[in-house]
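Structure, as C-alpha cells:
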Amino acid sequence: MADEVLWARLTAEEIQARAAPGTVVIIPVASVEQHGPHLTTGVDMWLAGAMAERTARKLQAGGTAALATPCLWAGLAEHHMAFGGTLTLDLATFSAMVGGIARSVSRHGFRRIALLNGHGGNVEAIAASAIELTRTLGVPVVGVTYWLANEDTFGGILETQPNVMHACEAETSMMMAVQPDCVRRENIARAVPRRFSPPAPPGFRRSRPFPEMTDTGVIGDPGAASAEKGERLLESGSTRLAEELARPELWA
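The working numbering puts the first residue of the sequence shown at 4, with every later residue one more than the last.
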C-alpha cells in the first residue's frame, strides 16, 4: 500500500507511518446541491474528491508524500435551496466541521494541510478557515479553490466560458469523465438557461438565490461539454495544484 493516497483505504498504522513534517494532507470540501436537470446533486463532491485524489497521486509521483481524506460533502448552499434537492449548513456548523477534520489531521502529527474547495458558496469560508486554523493549530493550513487556481489553464480548454460556472460546460465535462452515470444527457438541451442575470461585479459580494440568476439552475452552456474536455480539465487542474502544493515556500 506504499503508493495508496486515499486516507480511507489505509489502516491507522499505515497513516501514522506517513505522518512526517513534509507530508501534504489534502482535505476536499464540497456541497450536495442542485445542478440543473441534467446533473445529479453530488457534482461538487465527486469533482472535489477526484481533483484531490489526482493531485495527491501527482504529488506522490513527484516525490512529495501526500494523502487525501474523504470529501467533506456538506457545504454552504442556501442560495440553491429554492430549486430543491439541496443540503446546506450554516456558517458556524460548516466552519466547525472543517476545523474539526483539520484539527484531527494535525493531532496525528501532520504539518501541511490543504483545504481543497470544490463549491462556489464555500470560497470565502474556506479562505477564512485556512487563516484561522493556521493561527490556532500552529501549522500551515492552505485554502484553495481548484478552478480559481486554474483560471489560465481552464480558459484555454473551455470553448464557451472562461472558467467553471455552475452545471456548465466545465462541470458537465468533468462529470462525463469521472461519473458518466450521473449525467442525464437527454436533459442537457433543456438545462441551458433562457434567462441569466450575472452576479455582482468583480470586487463585490452579495447573497442572491439562484432563481434570481437563472431559470434552470444552470449558469453556462452544458451543451458544449465532452468527456475528453473533462479529462483535460481534471489533468491540467491537478497538475497545477500538485506543482503549487509541492513548493516548500508555500509551507514556510
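Think of the CB as a built atom: it goes at the ideal place given N, C-alpha and C, for glycine as much as any other residue.
Nothing here was measured: the structure is a model prediction, and the numbers come from that model.
Could you pull the DSSP bridge partners for residue i from this structure?
i	result
ARG115	VAL27
THR217	PHE199
VAL32	LEU75, ASN120
LEU42	HIS38, VAL186
ILE191	DSSP, once it has assigned bridges, lists no residue as partnering ILE191.
ILE160	Paired residue(s): none; ILE160 is not in a bridge.
HIS169	ILE222
THR67	Per DSSP, none; premise fails for THR67.
LEU90	VAL35
Counting along the chain, where does the alpha helix (DSSP H) carrying residue i start and finish?
i	result
ALA55	46–64
ALA255	Unbroken run through ALA255: none, as it is neither H nor E.
VAL181	172–181
ALA235	What sits at residue 235 in the sequence shown is Arg, not Ala. Unbroken alpha helix (DSSP H) run through ARG235: 230–248.
GLN19	15–19
Just the C-alpha distance for residue i and residue j, rounded to the nearest angstrom, thanks.
i	j	result
SER109	VAL32	17 Å
ARG209	MET84	16 Å
GLY96	ALA228	In the sequence as presented, Gly is not what sits at residue 96; that position holds Thr. Distance between the alpha carbons of THR96 and ALA228: 35 Å.
PHE86	ARG187	17 Å
THR242	ARG57	8 Å
THR137	THR43	34 Å
GLU252	GLN164	32 Å
ALA77	THR14	25 Å
ASN153	ALA117	16 Å
PHE157	GLY121	15 Å
THR283	GLY66	With the chain represented from 4 up to 255, any question about residue 283 goes unanswered, as that position is not in the structure.
ALA22	ARG250	18 Å
ALA5	LEU62	14 Å
GLY103	HIS38	28 Å
SER239	ARG60	14 Å
GLY141	SER176	39 Å
ALA68	GLU189	42 Å
ALA245	THR139	26 Å
TRP10	GLN19	11 Å
ILE134	ALA255	15 Å
ALA230	ARG106	37 Å
ALA173	MET48	15 Å
PRO212	LEU90	15 Å
ARG12	GLU215	42 Å
Give a yes or no on whether 9 Å exceeds the smallest Cβ distance from residue i to chain B.
i	result
GLN182	Structure shown: chain B not included; a single protein chain is present.
For the ligand ADP, any of its heavy atoms closer than 8 Å to the Cβ of residue i?
i	result
ALA192	Although the ligand ADP was asked about, the structure shown includes no ligands whatsoever.
What are the start and end residues of each continuous alpha helix (DSSP H) run of 4 or more residues lying completely inside the region 103–157, in chain order?
126–140
Would you check if there are 3 or more beta carbon pairs closer than 8 Å linking the region 39–54 to the region 174–186?
yes
Taking one C-beta from the region 198–205 and one from the region 234–247 each time, how about it: are there three or more such pairs within less than 8 Å?
no
Are the region 190–199 and the region 132–147 in contact at 8 Å, needing three or more beta carbon pairs?
no
Between the region 17–31 and the region 103–120, are three or more C-beta pairs nearer than 8 Å?
yes
Touching by the beta-carbon criterion (3+ pairs, under 8 Å), the region 114–134 and the region 97–104:
yes
Would you call the region 151–169 in contact with the region 220–227, where contact means no fewer than 3 C-beta pairs closer than 8 Å?
yes
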